[in-house]
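A.B. asks:
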Amino acid sequence: MANETSITMVGNLTADPELRFLPNGTAMVKFTIASTPRTLDRQSGEWKDGDPLFMNCTAFRDIAENIAESLAKGTRVIVTGRLKLSRWEDKETQEKRSAYGLDVDEVGPSLRFAQAKVQKMNRNSGKGDGFTPDVPQDDAWSIAAPATI
Numbered sequence: 003m004a005n006e007t008s009i010t011m012v013g014n015l016t017a018d019p020e021l022r023f024l025p026n027g028t029a030m031v032k033f034t035i036a037s038t039p040r041t042l043d044r045q046s047g048e049w050k051d052g053d054p055l056f057m058n059c060t061a062f063r064d065i066a067e068n069i070a071e072s073l074a075k076g077t078r079v080i081v082t083g084r085l086k087l088s089r090w091e092d093k094e095t096q097e098k099r100s101a102y103g104l105d106v107d108e109v110g111p112s113l114r115f116a117q118a119k120v121q122k123m124n125r126n127s128g129k130g131d132g133f134t135p136d137v138p139q140d141d142a143w144s145i146a147a148p149a150t151i
């Protein structure tokens, strides 16, 4: 969408993703990533950790299910999404509260310190949910071999 704040964040999952299903059957996953800056202390020659940033992330539909099946606590990930501000009033203290969160568009494991094997999902789910395309079985893009350069 226009004029939304998009960010990319690298960090580690603080817990296993929590998958839920909304009353209409839509999958939703919530997870938190922590990103901690590290700087080299030139006097001691040691790395020092800065203050961590914790970001609550939310994703829906197919990506939500893929996240829940693929990622676990401690996994280093790269997440891209739209920054959202939530506002509410605390029921007990009547104080106004706010927090930023990330509506996830893309997520993947960081391959800086790990390896991953990617498994392509079948594009023809037949869900008819309006979000998953119904692709014919002879879809050339779903079975095409990688290009050689």
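Under the numbering used here, think of the first position of the sequence shown as 3, with each following residue one higher.
In this text, a Cβ means the ideal position worked out from N, Cα and C, and glycines have one as well.
(1) So what does DSSP say about Ser112, is it helix, strand or coil?
(2) Helix, strand or coil for Asn14, going by three-state DSSP, please let me know.
(3) Taking all protein chains shown into account, decide if Met57 is buried (16 or more other Cβ within 10 angstroms of its Cβ) or exposed.
(4) Any idea if Pro19 is buried or exposed, counting beta-carbon neighbours within 10 angstroms, 16 or more meaning buried?
(5) Give me, in chain order, the residues of the same chain whose beta-carbon lies closer than 8 Å to that of Val106; leave out the 5 immediate sequence neighbours on both sides.
(6) For Ser112, which residues of its own chain have a beta-carbon under 8 Å away from its beta-carbon, when the five flanking residues on both sides are left out?
(7) Report yes if the C-beta distance between Thr10 and Ala36 is below 8 Å; otherwise report no.
C.D. replies: So, to answer that:
(1) As a first step, residue 112 must be located in the sequence shown, where it is residue number 110. The answer is coil: DSSP assigns Ser112 none of H, G, I, E or B.
(2) One-based indexing of the sequence shown puts residue 14 at position 12. It is a strand residue.
(3) Within the sequence shown, residue 57 is the residue found at index 55, counting from 1. Residue environment analysis places Met57 among the buried positions, since at least 16 neighbouring C-beta atoms fall within 10 angstroms of its C-beta.
(4) As a first step, residue 19 is located in the sequence shown; it is residue number 17 there, counting from the start. Buried, by the Cβ-count rule.
(5) For the purposes of this step, residue 106 is identified with residue 104 of the sequence shown, where counting begins at 1. Here the set comprises Cys59, Thr60, Ala61, Ile65, Ile69, Val81, Thr82 and Gly83.
(6) Residue mapping note: residue 112 aligns to position 110 of the sequence shown, counting from 1. Closer than 8 Å at the Cβ level, and outside the excluded window around Ser112, lie Val12, Arg78, Val79 and Ile80.
(7) By 1-based counting over the sequence shown, the position of residue 10 is 8. By 1-based counting over the sequence shown, the position of residue 36 is 34. Not a contact, by the Cβ cut-off of 8 Å.
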